[in-house]
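**Student:** Using the numbering used here, read the sequence shown as starting at -4 and increasing by one per residue.
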Amino acid sequence: MTGSQIFWYGSIASLIAGLATSIGAIPVFFFKKQLSEKSLDAFLGFAAGIMLAATMFSLIVPSINTGGITITVIGIIAGAVVLELFDTFSPHEHFLKGHEGPNIDVVKKVWLFVIAITLHNFPEGMAVGVSFGGGMIKNGIVVALAIGIQNIPEGTATAVSFLKAGYSKKQAFWWSFLTGVVEPIGGILGAALVVIMAPALPLFLSFAAGAMLYVISDEIIPETHSHGYERIATFSLIFGFLLMMVLDNALG
C-alpha cells in the first residue's frame, strides 16, 4: 500500500469512526425521560472494554512485533505523559468529576466540556490514523471498528450529559456530533506521521496506545464508578473487551 493510500485510509476511517458519535446521539430526540446513571455506566464500561482490547491487540502487539519491547514501553509512557500534561494544564470540565485545570472564569462552561471531549477524542482519531501505517489494513480496520463502536454509547452519554446541563435536544445532538469531528483531525495527523516517518511506526503505535490507556483509566473508568454501579460497569467492560477480542481474531 502506497503512502497516499495509507493517508487516505487512515483519514477516512477516522472520519467514519468519529461520525459514529452522532449515531449514538440520535436517541436523545426520542427520550421521554433521561437515561439512568446505571445505563450510562454500563454503556461507557462496554465502550472502555472495546477500547482496551483494540489498544492491546491492534496497537501494542504490532508495536512490539515491529519495534521491540523497549520502543513500545517508551511510546506508551510518552503517550500517557503527553495526555497528562494536557489534562493538567488545559482548563476543562468533566461531566461527573467537575472542573480540572486552571480556574479561568472567562472560559464558558460549554467550552470546558468541549475541551474535555477533545482531549478524549483526539488520541482516538490518532490511533486510527497510525494503525494503518506499514500497510496494516487489518489493524486499521479493527481499531476504527473498535473506536466507532465505542463512540456510539459515548455519543449517547455525551448528548444526555448536555441535556442535564440544560441544553435542548437539538443542541445536545449537534454538540455531540461536533465532538466526533475532532477524531478525523487526529486521524489525519496520525496517518500523515506514519507516511512521512515510516521507520517510527512502532513508536507512533505505542504512543497512541499510551494515550488511549490514559483516556480509559483517567476518564472513562472513573466516570463509570461514581454512582454505585461499579459491578455492572466492570462486567460491561469485560464483555466489551471479549467482543473486540473475538472480532480482532475473526478479522485476523
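The C-beta atom is built at its ideal place from N, Cα and C for all residues, glycine as well.
In the DSSP assignment, the alpha helix (DSSP H) including S(-1) goes from what residue to what residue?
**Tutor:** As a working mapping, residue -1 is identified with position 4 in the sequence shown. Taken as a continuous stretch (DSSP letters only), the alpha helix (DSSP H) holding S(-1) covers G(-2) to A20.
**Student:** Given V138, which residues of its chain have a CB within under 6 Å of its CB, disregarding the five upstream and five downstream residues?
**Tutor:** Locating residue 138 in the sequence shown gives position 143, counting from the first residue. Contacts found: A49, S53, A122, V123 and S126.
**Student:** Figure out for me which residue from S171, A228 and G5 has the closest Cα to the Cα of E149.
**Tutor:** The residue labelled residue 149 in the question sits at position 154 within the sequence shown. Of S171, A228 and G5, the residue nearest in Cα terms is S171.
**Student:** Do F199 and G120 have their C-beta atoms within less than 8 Å of each other?
**Tutor:** The sequence position of residue 199 within the sequence shown is 204, counting from 1. The sequence position of residue 120 within the sequence shown is 125, counting from 1. No, Cβ-Cβ distance for F199 and G120 is not below 8 Å.
**Student:** How long is the line joining the alpha carbons of S212 and L35, rounded to whole angstroms?
**Tutor:** For this step, residue 212 is matched to residue 217 along the sequence shown. For this step, residue 35 is matched to residue 40 along the sequence shown. Cα to Cα, S212 sits roughly 17 Å from L35.
**Student:** What separation, rounded to the nearest whole angstrom, lies between the Cα atoms of L14 and I71?
**Tutor:** In the sequence shown, counting from the first residue as 1, residue 14 sits at position 19. In the sequence shown, counting from the first residue as 1, residue 71 sits at position 76. Those two C-alpha atoms are separated by around 27 Å.
**Student:** Pairs of beta-carbons, one from the region 229 to 241 and one from the region 57 to 71, closer than 8 Å: are there three or more?
**Tutor:** Judged by Cβ distances under 8 Å, the region 229 to 241 makes no contact with the region 57 to 71, as fewer than three pairs qualify.
**Student:** What residues in its chain sit with their C-beta under 8 Å from that of Q166, if we drop five residues either side in the sequence?
**Tutor:** By one-based count along the sequence shown, residue 166 stands at place 171. Answer for Q166: F157, listed in chain order.
**Student:** Taking 7 Å as the line, does the beta carbon of W169 fall inside it for any heavy atom of the ligand PLP?
**Tutor:** Questions concerning the ligand PLP fall outside what the structure shown contains, since it holds no ligand whatsoever.
**Student:** Please work out which residues of its chain come closer than 6 Å, Cβ to Cβ, to G181, disregarding the five sequence neighbours upstream and downstream, and give them in chain order.
**Tutor:** Here residue 181 corresponds to residue number 186 of the sequence shown, with the count starting at 1. If we look at G181 and ignore the five residues flanking it on each side, its Cβ neighbours are F117, G120 and M121.
**Student:** Just to confirm, is the Cβ distance from A195 to A20 under 8 Å?
**Tutor:** Here residue 195 refers to the residue found at position 200 when the sequence shown is read from its first residue. Here residue 20 refers to the residue found at position 25 when the sequence shown is read from its first residue. No, they are not a contact pair.
**Student:** Does DSSP put F26 in a helix, in a strand, or in coil?
**Tutor:** Translated into positions along the sequence shown, residue 26 becomes position 31. Looking at F26 - three-state DSSP - the assignment turns out to be coil, as it is neither helix nor strand.
**Student:** Going by the CB atoms, is the gap between A42 and G135 shorter than 8 Å?
**Tutor:** Within the sequence shown, residue 135 is the residue found at index 140, counting from 1. Within the sequence shown, residue 42 is the residue found at index 47, counting from 1. It is not a contact, given that the beta carbons lie outside the stated cut-off.
**Student:** Can A186 and I11 be called in contact, C-beta distance under 8 Å?
**Tutor:** The sequence position of residue 186 within the sequence shown is 191, counting from 1. The sequence position of residue 11 within the sequence shown is 16, counting from 1. Not in contact: A186 and I11 (Cβ atoms no closer than 8 Å).
**Student:** In whole angstroms, give me the CA-to-CA distance for I216 and V23.
**Tutor:** Counting from one through the sequence shown, the residue named residue 216 turns up at place 221. Counting from one through the sequence shown, the residue named residue 23 turns up at place 28. Approximately 23 Å between the Cα atoms of the pair.
**Student:** Can you check which of these residues, M240, M192, I147 and P197, is closest to I18 by C-alpha distance?
**Tutor:** Against the sequence shown, residue 18 aligns to sequence position 23. Selected option, being the one with the closest Cα: I147.
**Student:** Look up F127 in the DSSP assignment and say whether it is helix, strand or coil.
**Tutor:** Numbered from 1 along the sequence shown, position 132 holds the residue referred to as residue 127. Coil at F127, not helix or strand.
**Student:** Just curious, the alpha helix (DSSP H) that P197 is in, first and last residue?
**Tutor:** On the sequence shown, residue 197 is found 202 positions in, with the first residue counted as 1. That run of the alpha helix (DSSP H) goes L196 to V210.
**Student:** So what does DSSP say about T50, is it helix, strand or coil?
**Tutor:** Start at 1 with the first residue of the sequence shown, and residue 50 comes out as number 55. Of the three classes helix, strand and coil, the one that applies to T50 here is helix, per DSSP.
**Student:** Under 8 Å by Cβ, that's how I've got H222 and E79 pegged, so tell me the actual separation to the nearest angstrom.
**Tutor:** Sequence index remark: in the sequence shown, residue 222 carries index 227 (1-based). Sequence index remark: in the sequence shown, residue 79 carries index 84 (1-based). That pair is no contact at about 25 Å.
**Student:** Go through its chain and collect everything with a Cβ distance to I45's Cβ below 6 Å, but skip five positions before and after it.
**Tutor:** If you number the sequence shown from 1, residue 45 lands on position 50. Excluding residues within five positions, the ones whose Cβ falls inside 6 Å are A141, I144, Q145, G235 and M239.
**Student:** Output needed for I183: all residues of its chain with C-beta closer than 6 Å, excluding positions within five of it in sequence on either side, in chain order.
**Tutor:** Within the sequence shown, residue 183 is the residue found at index 188, counting from 1. So the list reads S6, once near-sequence residues are dropped.
**Student:** Closer than 6 Å by C-beta to N244: which residues in its own chain qualify, once you throw out the five before and the five after it? Chain order, please.
**Tutor:** Working through the sequence shown from its first residue, we reach residue 244 at position 249. No residues qualify anywhere along the chain.
**Student:** Quick one: residues in its chain with C-beta nearer than 7 Å to the C-beta of F202, no 5 flanking neighbours on either side, listed in chain order?
**Tutor:** One-based indexing of the sequence shown puts residue 202 at position 207. Excluding residues within five positions, the ones whose Cβ falls inside 7 Å are G70, A73 and G74.
**Student:** So, is A152 buried or exposed, given that buried needs 16 or more other C-beta atoms within 10 angstroms?
**Tutor:** Along the sequence shown, read from residue 1 onward, the residue named residue 152 stands at position 157. The residue in question, A152, is buried, as its Cβ has 16 or more Cβ neighbours within 10 Å.
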